[in-house]
Each structure stands twice: as C-alpha cells, then as structure tokens.
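Structure, as structure tokens:
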Amino acid sequence: MDGCESKNYNLSLSLTTDQYDDLTTALEAHRDGLRRIAGQAANGFGLGSGYWNGRAEEVQELLSCVRRLAQGENSSGVNDASGNSSRRFPPK
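Mapping the sequence shown onto UniProt numbering, position 88 (from 1) lands on 88, and the numbers just tick up by one.
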C-alpha cells in the first residue's frame, strides 16, 4: 500500500466513562493541535494551511462519529453519514 491509499478500520469498543472521556479529550486536543499548525502554516511554515485544516476536519468528523456511537446511534448510519474521506498525502 502506498501513501495515497487508505484502509478502513471497523472498530467495536466497550469503554468505561473515563476511557470515553479520555478518548474524546485526546481527539479534541489533536484537532486543536492541527488547527494551530494550520495557523502557523498560514504564516509560511511547513505544509499549506489547507492541508492542516483538512486534517483537523477529519479528526472533527471522527470525534463526531465517536460521540454519535456513544449516544447509541447505529454504526452503519454513522459510517454512511461520515463518508470515507479520502485524505491526500503531500508528495514525498
């Protein structure tokens, strides 16, 4: 598999309340970190801000899916609604 192909993972997790809180907090922190990088990229550092904003949006979509599943929504409905975002990796 090269860097532009994607693989889908189907996960079934049983989490305690603390584990769920840790997971959502980690995803929020990761999303916010990507947004900070996007801000730096807008100032000419690293990859373009569009790339990092796109990555932040992907993490937000994942976070939304996790929250919807935790509320008892059907996993196939969550998967259909989230779509399979095709991340584009920068050239090596």
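Yeah, the Cβ is synthetic: ideal placement off N, Cα and C, and Gly gets one too.
Exercise for review: Indicate the three-state DSSP secondary structure (helix, strand or coil) for T25 in the structure shown.
Suggested key: T25 falls in the helix class under three-state DSSP.
Query raised in the report: Going along the chain, which residues of its own chain have a beta-carbon closer than 7 Å to the beta-carbon of L62, five neighbours each way excluded?
Result: When the five nearest sequence neighbours on each side are left out, the beta carbons in the same chain lying within less than 7 Å of the beta carbon of L62 are those of L27, in order along the chain.
Where S64 falls: helix, strand or coil (DSSP): helix
If contacts are defined as beta-carbon pairs under 8 Å, then A59 and R31 qualify, I think. What distance do you get, rounded to the angstrom? Note on identity: in this sequence residue 59 is Val, with Ala being the wrong assignment. With 8 Å as the limit, V59 and R31 qualify as a contact, their Cβ atoms being about 4 Å apart.
Do you know whose CA, among G33, V66, E73 and L47, lies nearest D22's CA?
V66
Subject >> Burial state of R87, where buried means 16 or more other Cβ atoms lie within 10 Å >> reply: Per-residue confidence for R87 stands at a pLDDT of 46, beneath the threshold of 50, marking its modelled position as unreliable; the derived number appears in the next sentence. Exposed, since its Cβ has fewer than 16 Cβ neighbours within 10 Å.
DSSP state of E73, grouped into three classes? coil
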